[in-house]
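Heads up: the structure comes next, in structure tokens.
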Amino acid sequence: MNVIKKVRGVVSFAYTCQADKQFSDKFWSRHHIASNGYYSVRQYRAATCTELGKPLQITEKKSNELKPGQIRVKIHAAAVNFADVLINNGLYQVKHKPPFTSGLEFAGVVIETGKDTKTKVGTRVVGMEFMTGHAEETCVRENVVYQIPDDMDFATAASGITSSYATAVGALESKARIQPGEKLLVTAAGGALGLAAIDLAKNVYGAEVIAAAGGSDKCNFLEQKGFKTIDYSKESIKEAVKKAYPKGMDVALDSNGGDHFMECFKSMAVDGRLLSLGFSTGKFPSVPVNHMLVKNITVTGFYWGIYHKYDVSYERWTINEAFRYFTDGKINPHIGATFSLDKINDAFAYIMKRKSIGKVVIEIQ
Ligand SMILES: NC(=O)c1ccc[n+]([C@@H]2O[C@H](COP(=O)([O-])OP(=O)(O)OC[C@H]3O[C@@H](n4cnc5c(N)ncnc54)[C@H](OP(=O)(O)O)[C@@H]3O)[C@@H](O)[C@H]2O)c1
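Sequential numbering from 713 applies to the sequence shown in this note's numbering.
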């Protein structure tokens, strides 16, 4: 490889290419002809967290050599998740030490495969892995990616199939065991996870949904989609539920924590199931166990990401279910805003200011 780096001109290299196509593919996936005419290791741009809590920097990184089991993906689109905001501020349950590439959900094309892999070059994939997505390329273990259905574009693939929809499938289908006709309350219903959950609940599981969100923009959007809403910037969730459903909710998903979680708790019907999925308000509520007892309420946590480590078959099942519902035309992932990689800090600010509806996507290629 070093010898080739020093060779100027294409002729000798072209000969090598024809002699060994595999070597050629591998070589070109990491190299290019620089402006001085020499072959050099290709660089790619990445949004890098250099200091927790500070804006991301766009930096140039060298394409790494693949390790066995890894593939190289040219990223076309990536999501900005609330988890990315937390990670880059050092507030997520999994901590990373800067400098690191921001992003964990991406969609793109496999451009090189390492030893001991089965994926073919050219496969369109979506993947979830810490420290990967907000960049022009990434090297990841083959088992973190999933082939994208032919009818799905890259932006849609990155818009939450492997995070928001897969989480909502797990939460509603296997954890809450939601049944047709049951009444479901979802907080942050205009966010990526919330919108995925209510889309599935209404269009796949046949539940009766009440969508709670903060502000008229989100509530108007949700009403246009046919949902009953609670605007919790103006009214109490508990009082609104009491009016609409005096017996209370069968299932509730809360990802806000704090007072919103407690209001959901107080809105549960006898035998209700309340799932805690996150704490976007930054506040961790405490559950009064005596109240759980008198109404036979089940309160449970649900962290989809844990299955990547402890039960990958479960993770696969949730993602494949989400793909199947998409291909069957039952679900409709919503991209509320797109940004370029250069504007990634604006995308983060957009989420932190609670402006986003559905998924925020970074278009990279
Ligand atoms: N358990 C899991 O496996 C899992 C998986 C994915 C996500 N999550 C969690 O679910 C939550 C939503 O994630 P997401 O990716 O859907 O995020 P998102 O699209 O950015 O939505 C976040 C929502 O949180 C609400 N929110 C409440 N307080 C907020 C605050 N102080 N700052 C910003 N937003 C606030 C906003 O809705 P309003 O303005 O309408 O209140 C917003 O729509 C996060 O807490 C995330 O960590 C959990």
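Each residue gets a CB set at the ideal place from its N, CA and C atoms; glycine is no exception.
Predicted model only: the values in this text are computed from it and were never measured.
Check	Outcome
Just to check my reading of the structure: Val837 and Gln859 have Cβ atoms closer than 8 Å, yes? What is that Cβ distance to the nearest angstrom?	6 Å
For a test of the three-state rule: what should DSSP assign to Ile787, helix, strand or coil?	strand
Cβ of Tyr1015 versus every heavy atom of ligand 1: is any distance shorter than 7 Å?	yes
Would you please state the rounded distance, in angstroms, between the beta carbons of Ala883 and Ala909? I believe it to be under 8 Å.	7 Å
If you count every other CB in all the chains shown that lies within 10 Å of the CB of Ile1009, and 16 or more means buried, which is it?	buried
Take Val719 and list the residues in its own chain whose beta-carbon comes closer than 6 Å to its own, dropping the five residues that flank it on each side.	Note that Val719 scores 42 on pLDDT, short of 50, meaning its location in the model is unreliable; the coordinates nonetheless yield the value given after this. So the list is empty, once near-sequence residues are dropped.
Over what stretch of residues does the alpha helix (DSSP H) that includes Asp911 continue unbroken?	904–915
Helix, strand or coil for Ser724? Go by DSSP, reduced to three states.	Residue placement at Ser724 cannot be trusted, given a pLDDT of 44 that sits under 50; what the coordinates show is reported in the next sentence. In this structure, Ser724 counts as helix in the three-state DSSP scheme.
Assess contact between the segment 765–782 and the segment 1017–1032, defined as three or more Cβ pairs (one per stretch) separated by less than 8 Å. Is contact present?	no
Among residues of its own chain, excluding the 5 on either side of Val797, which ones have a beta-carbon nearer than 7 Å to its beta-carbon?	Phe1060, Ile1063, Met1064
Under a Cβ-count criterion, where at least 16 other Cβ atoms within 10 Å of its own Cβ denotes burial, should Gly902 be classed as buried or exposed?	buried
Does DSSP put Glu841 in a helix, in a strand, or in coil?	coil
Considering only their Cβ atoms, is the gap separating Leu912 from Tyr1037 smaller than 8 Å?	yes
Under the criterion of a Cβ to heavy atom distance below 7 Å, does Ile1063 qualify as lining ligand 1?	yes
Quick one: what does DSSP say Val1072 is sitting in, helix, strand or coil?	strand
Just to confirm the assignment: which complete beta strand (DSSP E) runs, minimum length 3, are found wholly within the segment 968–1007?	980–988
Check whether the Cβ of Ser967 sits closer than 7 Å to any heavy atom of ligand 1, and report yes or no.	yes
Classify Lys914: buried if its beta carbon has 16 or more other beta carbons within 10 angstroms, exposed otherwise.	buried
When the distance is taken between beta carbons, is Glu854 closer than 8 Å to Met840?	no
Determine the DSSP secondary structure at Lys717, reduced to helix, strand or coil.	Reliability fails at Lys717, whose pLDDT of 43 lies under 50, so the model's placement of it is uncertain and the value that follows must be treated cautiously. If DSSP states are grouped into helix, strand and coil, Lys717 belongs with the helices.
Do you know whose CA, among Ile1018, Asn968, Thr993, lies nearest Leu987's CA?	Asn968
Between which two residues does the beta strand (DSSP E) containing Ala870 stretch?	Element bounds for Ala870: n/a, residue is neither H nor E.
Please classify Arg754: does DSSP put it in a helix, a strand, or coil?	coil
With DSSP as the reference, label Leu803 as helix, strand or coil.	coil
At a cut of 8 Å, does the segment 751–762 reach the segment 842–850 through at least three beta carbon pairs?	yes
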